[in-house]
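> Take 23 as the starting number for the sequence shown in this note's numbering and just add one per residue. Okay, here's the structure, questions in a sec.
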Amino acid sequence: MKRREFLGYSALGALLLSTAGTMGYALSRQHPHGVPPASLAALPKGGQPLQPLPRIVNLSESAGRFRSVLTPAPHSVPLSDELEARLWLYNGKVAPLIEVREGDELDITLINELEQETTLHWHGVPVPQAHDGAPWDAVAPGESRQYRYAFPSGSAGLHWFHPHPHEGTARQVAHGLAGALLVRPAEDALPAGVEEHLLVISDLRLRANGEVAPHTAEDWMNGREGELLLVNGQREPRLDVAPGSTLRLRLINACAGRYLRLRLDDHELILIGTDGGPIERPQPLEELLLTPGERADLLVRVSERAEGHFQLASHPYERGWMGDRPPHLDDVAPLLAIHTLDSAVQAPIALPERLGRVEPLGEPAVQRRVELTEVMPGHDDHGAGHGDPHAGHGDPHAGHGDPHAGHGDPHAGHGSGSHHGTHGPGHGADHAMDQAAERPEVDFLINGRAFAMDEILFEGKVGEVEEWEVFNNSHMDHPFHVHGTHFQVIATRDAEGEWQQAPWLAWKDTVNLAPYQRLKLRMVFREPGDWLFHCHIIEHEELGMMATIRVS
23 MKRREFLGYS
33 ALGALLLSTA
43 GTMGYALSRQ
53 HPHGVPPASL
63 AALPKGGQPL
73 QPLPRIVNLS
83 ESAGRFRSVL
93 TPAPHSVPLS
103 DELEARLWLY
113 NGKVAPLIEV
123 REGDELDITL
133 INELEQETTL
143 HWHGVPVPQA
153 HDGAPWDAVA
163 PGESRQYRYA
173 FPSGSAGLHW
183 FHPHPHEGTA
193 RQVAHGLAGA
203 LLVRPAEDAL
213 PAGVEEHLLV
223 ISDLRLRANG
233 EVAPHTAEDW
243 MNGREGELLL
253 VNGQREPRLD
263 VAPGSTLRLR
273 LINACAGRYL
283 RLRLDDHELI
293 LIGTDGGPIE
303 RPQPLEELLL
313 TPGERADLLV
323 RVSERAEGHF
333 QLASHPYERG
343 WMGDRPPHLD
353 DVAPLLAIHT
363 LDSAVQAPIA
373 LPERLGRVEP
383 LGEPAVQRRV
393 ELTEVMPGHD
403 DHGAGHGDPH
413 AGHGDPHAGH
423 GDPHAGHGDP
433 HAGHGSGSHH
443 GTHGPGHGAD
453 HAMDQAAERP
463 EVDFLINGRA
473 FAMDEILFEG
483 KVGEVEEWEV
493 FNNSHMDHPF
503 HVHGTHFQVI
513 ATRDAEGEWQ
523 QAPWLAWKDT
533 VNLAPYQRLK
543 LRMVFREPGD
553 WLFHCHIIEH
563 EELGMMATIR
573 VS
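Below, the structure is given as structure tokens:
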């Protein structure tokens with residue numbers, strides 16, 4: 023299908039990042055982070071009604087099939103009468119939504135209208151390896167690729183999609199490329215009367231002319247945090263509800279590096295689902311830490327007080343910052359204002375005793391150790407001297423594979439020259455300008471190695487239960503993500519503590535590790551192929567904290 027034909031079917035008008043001045047502002051070109059704090063404080067506040075995610079149009083007329091085209095391309099999105107943001111978007115939409123049901127077939131054609139190669143990674147979706155959107159399956163500018171697969175029983179949940187090209191992911195995510203994928207179950211365990219809202223949380227940093235600001239050295243070291251924090255492409259939107267309403271808030275942290283420590287004023291959060299779908303029983307929480315790449319399914323029964331005002335916000339979280347510390351790290355960041363109307367109080371909604379079934383995986387046939395480290399010249403202590411001195415240095419192929427694979431020069435194949443301003447193929451002519459800041463002299467490693475496209479760290483077998491002990495041997499947090507499967511967190515061990523068994527099980531594909539923390543993860547790969555695992559701080563992944571397991 024040619025793009026002009028597709029546009030006839032699709033409502034291409036972008037969901038505006040601003041209406042009525044939501045994001046109208048003046049930006050400082052000279053400020054190293056693009057937006058000086060004084061200008062941010064002077065921005066007009068939000069308060070516009072929360073908008074639903076714009077939908078990708080289903081072009082299929084057959085039941086049980088979702089067919090469409092995704093076209094990543096540059097688009098200008100109005101911010102005010104005088105200013106436009108120059109973003110890269112799928113089909114011109116900010117955070118678009120694809121919605122399907124278990125049993126449906128998804129048939130998506132990617133047409134790359136960027137000036138650099140890209141992919142579509144279906145984060146959290148059980149796809150065959152050829153459709154995972156890994157960097158070795160990149161789509162060149164002007165070319166296309168089809169992604170086609172069916173959603174099996176048990177795949178219901180909130181997932182998402184984003185680009186995953188080699189040494190280009192950070193730039194594309196910073197320009198706005200991301201979307202939500204909602205897979206509905208055949209039957210929902212929640213009763214009627216629950217009001218559902220999908221919330222995609224992202225951030226932006228722009229220059230005064232509306233261009234996306236280039237990465238700074240601090241971005242590469244820490245993971246990029248844009249000063250403009252957005253919910254469904256809006257700044258601090260408002261949600262008006264009846265007192266006593268039961269809300270289902272389904273969230274995606276689509277930020278490259280920002281951690282979200284979520285609290286709702288005067289309310290308890292009830293966790294009912296994670297990355298891989300429903301958990302067995304509701305878990306009440308005072309707050310929730312949602313790291314880059316994670317999803318959460320929450321219930322909130324809103325206060326019965328009429329005309330109440332409550333703020334869902336992200337509170338400061340110390341994740342181990344290197345370099346100049348931006349002021350916003352110490353601020354409470356408002357996300358969504360919930361207002362109760364002067365109306366009748368809604369009755370509480372009774373939840374079922376069991377929301378879903380999470381069967382524990384059996385005893386592992388394979389045990390592996392995965393060690394995350396970062397190394398800077400003159401600061402070698404970042405990856406040593408804490409916890410078990412032998413952890414992470416055993417045979418990384420315990421149970422399978424070539425005992426020599428994944429060893430040798432820790433920079434081989436990764437191209438440490440990328441730290442000095444050189445980049446991989448497929449970038450546009452504006453790449454050097456957009457990436458003006460040199461990448462810092464820092465390596466983010468897995469088992470002492472930086473990622474290389476042609477290297478396999480582990481080898482495994484389809485259907486075998488694996489247990490991975492993941493050790494964050496570094497001074498900063500890292501969210502750990504595995505492609506091709508979901509895992510269960512079996513046990514945790516803090517830096518100076520003892521192993522603690524997980525109190526309840528959930529299916530996850532992304533989990534945070536605090537400094538010097540260890541986790542035991544159990545998983546089964548159901549599909550053969552080469553599967554990535556990496557830190558989901560996008561810049562850390564791109565600087566080397568990624569590796570491959572080959573499953574046969």
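Yeah, the Cβ is synthetic: ideal placement off N, Cα and C, and Gly gets one too. In this text, all values refer to a predicted model and were calculated from it rather than measured experimentally.
#1: Please report the Cβ distance between Leu199 and Tyr112, rounded to the nearest whole angstrom; I am assuming they are in contact, meaning their Cβ atoms lie under 8 Å.
#2: Using 10 angstroms around the beta-carbon of Leu49, count the other beta-carbons present and answer buried if the total reaches 16, otherwise exposed.
#3: Measure the C-alpha to C-alpha separation of Pro447 and Pro187 and round it to an integer number of angstroms.
#4: Which word fits Pro71, buried or exposed, when buried means at least 16 other C-beta atoms lie within 10 angstroms of its C-beta?
#5: Buried or exposed for Leu311, going by 16 or more other Cβ atoms inside 10 Å?
#6: Below 8 Å on the Cβ atoms is my contact criterion, and I expect Ala524 with Ala513 to pass it. Report the Cβ-Cβ distance as a whole number of Å.
#7: Restricting to Cα atoms, I'd like to know which of Gly215, Trp521, Gly551, Asp516 is closest to Asp159.
#8: Per the contact definition of three or more C-beta pairs closer than 8 Å, is the stretch 536-548 in contact with the stretch 484-494?
#9: So what's Val122 in DSSP terms, helix, strand or just coil?
#10: Give the DSSP bridge partners of His97, in chain order.
#11: For Ala239, does the three-state DSSP call read helix, strand or coil?
#12: Taking the straight line between their C-alpha atoms, what separation do you get for Met398 and Ile560?
#13: Which residues bound the beta strand (DSSP E) around Ala196?
#14: In chain order, what residues of the same chain lie with their CB nearer than 6 Å to the CB of Leu226, ignoring the 5 residues before and after it?
#15: Taking the alpha-carbon of Gly69 as reference, which of Val354, Gly146, Arg206, Arg260 has the nearest alpha-carbon?
#16: Which residues in the same chain as Met568 place their Cβ atom closer than 8 Å to its Cβ, once the five residues preceding and following it in sequence are excluded?
#17: Where does Gly279 land, buried or exposed, given buried means 16+ other C-beta within 10 angstroms?
#18: Quick one: grab the DSSP three-state call for Ala359.
#19: From Asp297 to Asn231, what distance separates their C-alpha atoms?
#20: Determine, using beta-carbon pairs with one atom in the stretch 383-391 and one in the stretch 489-506, whether at least three such pairs fall under 8 Å.
#21: Any chance the stretch 118-128 sits against the stretch 203-222, with 3 or more Cβ pairs inside 8 Å?
#22: May I ask you to report which of helix, strand or coil DSSP gives His55?
#23: Applying the criterion that 16 or more other CB atoms from any shown protein chain within 10 Å of the CB defines a buried residue, is Leu105 buried or exposed?
#24: CB Glu564 to CB Glu189, shorter than 8 Å?
#25: For the pair the stretch 332-341 and the stretch 369-377, tell me if three or more CB-CB distances fall below 8 Å.
#26: Does the stretch 265-281 touch the stretch 82-97, meaning 3 or more C-beta pairs lie closer than 8 Å?
#27: Looking at the structure shown, is Asp352 part of a helix, part of a strand, or coil, going by DSSP?
#28: Once the 5 residues before and after Arg327 are set aside, which same chain residues still bring their CB inside 8 Å of it?
#29: Once DSSP output is grouped into helix, strand and coil, what is the label at Asp225?
#30: Could you tell me which residues DSSP pairs with Ile468 in its beta bridges?
#31: State buried or exposed for Val578, treating a residue as buried only when at least 16 other CB atoms are found within 10 Å of its CB.
#32: Judging by CA-CA distance, which residue of Arg317, His289, Leu136, Asn134 is the nearest neighbour of Asn275?
#33: At 3 residues or longer, and completely inside the stretch 289-342: list those beta strand (DSSP E) runs for me, N to C.
#34: Mark His181 as exposed unless 16 or more other C-beta atoms lie within 10 angstroms of its C-beta, in which case mark it buried.
#35: Please state whether the Cβ-Cβ distance between Asp126 and Ala178 is less than 8 Å.
#36: When the Cα of Ser175 is compared with those of Ser574, Gly299, Val504, Leu479, which residue comes out closest?
The short version:
#1: 7 Å
#2: Legend: pLDDT at Leu49 = 40, less than 50; position of this residue unreliable, no value from coordinates given.
#3: Because the pLDDT at Pro447 is just 37, under 50, the model does not fix this residue reliably, and the point stays unresolved.
#4: exposed
#5: buried
#6: The Cβ separation is near 6 Å, so the contact holds.
#7: Closest option to Asp159, Cα to Cα, is Gly551.
#8: yes
#9: strand
#10: Leu109
#11: Reduced to three states, the DSSP call for Ala239 is helix.
#12: Approximately 18 Å, taken between the alpha carbons.
#13: No beta strand (DSSP E) contains Ala196, which is instead part of the alpha helix (DSSP H) from 191-196.
#14: Gly248, Leu250
#15: Arg260
#16: So the list reads Ile468, Phe473, Leu554, Phe555, His556, Cys557, once near-sequence residues are dropped.
#17: buried
#18: strand
#19: Taking the CA atoms as reference points, Asp297 sits about 37 Å from Asn231.
#20: yes
#21: Cβ pair count under 8 Å is three or more, so yes.
#22: Legend: pLDDT at His55 = 49, less than 50; position of this residue unreliable, value from coordinates given subsequently. Coil.
#23: buried
#24: yes
#25: The stretch 332-341, when compared against the stretch 369-377, does not touch it at the 8 Å Cβ threshold.
#26: Using a C-beta cut-off of 8 Å, the stretch 82-97 makes no contact with the stretch 265-281, since fewer than three inter-stretch Cβ pairs fall below that distance.
#27: The answer is helix: DSSP assigns Asp352 an H, G or I state.
#28: Pro265, Thr362
#29: If DSSP states are grouped into helix, strand and coil, Asp225 belongs with the strands.
#30: Leu394, Arg471
#31: Residue numbering for the chain in the displayed model covers 23 to 574; residue 578 lies beyond these limits and cannot be assessed.
#32: Arg317
#33: 291-296, 299-307, 310-312, 317-323, 331-337
#34: Burial of His181 is indicated by the presence of at least 16 other C-beta atoms within 10 angstroms of its C-beta.
#35: Their beta carbons are not under 8 Å apart, which means Asp126 does not touch Ala178 by this criterion.
#36: For the residues Ser574, Gly299, Val504, Leu479, the minimum Cα distance to Ser175 belongs to Gly299.
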